[in-house]
Every structure is written in structure tokens, then in C-alpha cells.
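Just so you know, our numbering puts the end of the sequence shown at 1188, numbered straight through with nothing missing. These notes are about the structure you will find just below.
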Amino acid sequence: MGCITWQRVALRTADFLISAVVVLFLLTAGAYSAYALWDNNQVYAAVDNVQGELLQFKPAADGENGASFEELLAINSDVKAWLTLDNTAIDYPVVQGENNFSYINTDVYGDFALAGSIFLDSDCDGSFHDPYSLLYGHHMENSKMFGDLDLYKDETFFNENTTGTLVLPDRTYHLQIFACLLVPASEDAIFDVNQWDANLNGLLDFAQENALHLHSDTLDTVRAREGAQVLAMSTCSTEFTDARTILLAWMTTPEQ
């Protein structure tokens, strides 16, 4: 009888320990989930704070009344432009670092930030005189950073929203969006920025053959226009490993 009693005590003790371990695991998992949610919210709140602060320094386009570009440059001399895509939340300064890692996790103030900044490829001309310029930004939910590039994958949105601006210290480009693509991160037609210095025909051919959505009339105009310039915008996507959503826009000045 004594042996049986001790066996029962041992089994109950084992059951108690297992239950305690399960409870501890659930509490730990719950605490981690709560922390992860809090941490994620902090990342998004930081984006809102930085964008909210910087919007007061958004330079005016085409000589309109507003902040001057010098105010932005006083914050960070790496600021090259201000990008706005109409009817989206994309409304940010554009920076350019020494390399393409400089601003992946650094905000416009130079502080560490998981959301990073919208930045110009380091091989591109910082004054946007190249035929082809490429911008990068993190894909984030809630329309943060370049998250709203996803909107253009919807054909109706793409067809109805084709405009934006790129304000520089000495001029303003009006953007006419003409292509939305989904490509791998290894696609040279998009990410080898130097190959289109001579002309844009190869890029335009690639867009015509591979675009999810295309405004053919605008593409044809770009092809026919001597000295045309194209701005590409890139962000991560989830359709396949290393997928990137790409938006192409024709850059025009009021004189054009």
C-alpha cells in the first residue's frame, strides 16, 4: 500500500510540474506577444512622429508659398528632394547616403530607426540629372513609408492615380506614373541604374513586356521625348521570395 501511495504522490507531483511548466510557457508566450505588439506599435509611432515633424519643412513646389529647401538641408545635408504621390500617404523627404545601407535603418535626423528613410540609390546623381533615378523605401503596413506602393497593384487605383511631385532645391518635377511591375530583387533592368545612361529604350521595353499595369500612351511619349527622365520607386513585396513592387514615373518640368 505504501508503495502505491508514493507512486500516486509522484504522479501528482509530476502532473503539477507539467502544469506549472505549461502555465509558465503560456505566460511567457503571452508576455512576448504583448511586447512584440508594443514594439511594433513603437516602430509605427516613430514613423508618424518623424513624418509629422518633417511635414512642416516640406518645400513648396514651383515657387509657391511654403517652407524653403534650406530648412530641410539644415536638418540633414543628405536631403536631395521631397517626394509626394497624390492620393497616397507617400509624402517624405528623399536622402542619399554614401552607400545603399546608410539609410536602411536611419531616419532623416540621422537617428537609428527600423523604418529607415526614403533614399536615392547611391549610384544615381544626387541632383537628379540622370535619365534614370531609383528610390528605395521599406514596405510597411498602415500606409507608412513605401507601403502605399501596393495601392498601384490595383488596376482601378493605378488608372485613376497617375500624378505626384518631386521637389528639388532648384526645380520641381511633375511625375506621371506609367507602369507598375513586380520583379525579383536581382532584376538588372530595374536595379542596375547605370545601364540606362545612354538611353531608356531597354527600360521602356522591359516595362512594356512585364508590367502588371501600364499607361501605354505615356510610355510612348517618354520613348519619343529626347532627354526624357524616369523615376523608379521600389519596395519589398510578398508574392514570392525577394519580390519587389516597382513604380515607374515620367519626370517632367513645367517647361516641358
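Heads up, the beta-carbon is just placed ideally off N, CA and C, and yes, glycines get one too. No experiment lies behind these values; they were computed from the predicted model shown.
Nearest-angstrom Cβ-Cβ length linking residue i and residue j, presumed shorter than 8 Å
| i | j | result |
| --- | --- | --- |
| G1042 | N1008 | 6 Å |
| L1098 | Y1105 | 4 Å |
| G1058 | K1012 | 5 Å |
| T1170 | R1103 | In fact, because the Cβ distance is near 36 Å, the residues do not count as touching under 8 Å. |
Same chain, Cβ closer than 6 Å to residue i, neighbours up to 5 away in sequence not counted
| i | result |
| --- | --- |
| D1023 | T1016 |
| W1128 | P1063, Y1064 and L1135 |
| T1173 | none |
| D1018 | T1095 and G1096 |
| F1138 | A1121 |
| F989 | A999, E1003 and L1004 |
| M1183 | Y1105, Q1161 and L1163 |
| T1153 | none |
| Y1068 | F1051 and S1166 |
Cβ neighbours of residue i in the same chain (closer than 8 Å, five flanking residues each side left out)
| i | result |
| --- | --- |
| N1031 | S1054 |
| H1145 | Y1084, K1085, E1087, F1090, N1091, A1111 and C1112 |
| R1155 | L1132, N1133 and L1136 |
Per DSSP, cross-strand counterpart(s) of residue i
| i | result |
| --- | --- |
| P991 | A999 |
| P1116 | A1175 |
| L1140 | First, the amino acid is wrong: residue 1140 is Gln here, not Leu. The partner list for Q1140 (beta bridge, DSSP) is empty, contrary to what the question assumes. |
| Q1028 | Partner(s): none; Q1028 has no beta bridge. |
| S1075 | S1075 pairs with nothing; no bridge assigned. |
| W1128 | For W1128, which the question treats as bridged, DSSP gives no partner whatsoever. |
| T1167 | T1177 |
| F1051 | V1027 and Y1068 |
| A1045 | Its beta-bridge partners do not exist; DSSP assigns none. |
Best match in the options for proximity to residue i [C-alpha to C-alpha]
| i | options | result |
| --- | --- | --- |
| F1051 | H1070, H1061 and F1044 | H1070 |
| E1003 | R1157, Q1108 and V1040 | V1040 |
| E1119 | N1142, L1132 and A1130 | N1142 |
| D980 | E1187, S1148, N1074 and D1102 | N1074 |
| K1076 | H1061, N1093, A1047 and A993 | A1047 |
| L1132 | A999, A1175 and A1181 | A1181 |
| L1107 | N1093, A1130, V982 and A1006 | N1093 |
| F1001 | V1027, Y1035 and V982 | V1027 |
| I1036 | A1006, G1159, F1078 and A1021 | F1078 |
| A1060 | S1169, L1163 and S1148 | It should be noted that the sequence gives Phe, not Ala, for residue 1060. Of the candidates S1169, L1163 and S1148, the one whose C-alpha sits nearest the C-alpha of F1060 is L1163. |
| A1130 | G1159, A1006, T1153 and M1183 | G1159 |
| A1021 | M1072, A1006, D994 and P1101 | M1072 |
| A993 | R1157, L1100, I1109 and D1149 | L1100 |
Residue i classed as buried or exposed, judged by whether at least 16 other C-beta atoms fall within 10 angstroms
| i | result |
| --- | --- |
| S1049 | buried |
| Q1161 | buried |
| L987 | exposed |
| D1010 | buried |
| T1038 | buried |
| D971 | Residue placement at D971 cannot be trusted, given a pLDDT of 41 that sits under 50; what the coordinates show is reported in the next sentence. D971 should be labelled exposed. |
| A1045 | buried |
| F1123 | buried |
| P1025 | buried |
| E1187 | exposed |
| P1116 | exposed |
Contacting residues, own chain, Cβ-Cβ under 7 Å from residue i (five flanking each side not counted)
| i | result |
| --- | --- |
| L1081 | M1165, T1167, T1177 and L1179 |
| Q1140 | L1146 and L1151 |
| G1029 | D1010, Y1035, F1051 and S1054 |
| L958 | A caution first: L958 carries a pLDDT of 48, below 50, which makes its placement in the model too unreliable to give a value. |
| N1126 | D1055 |
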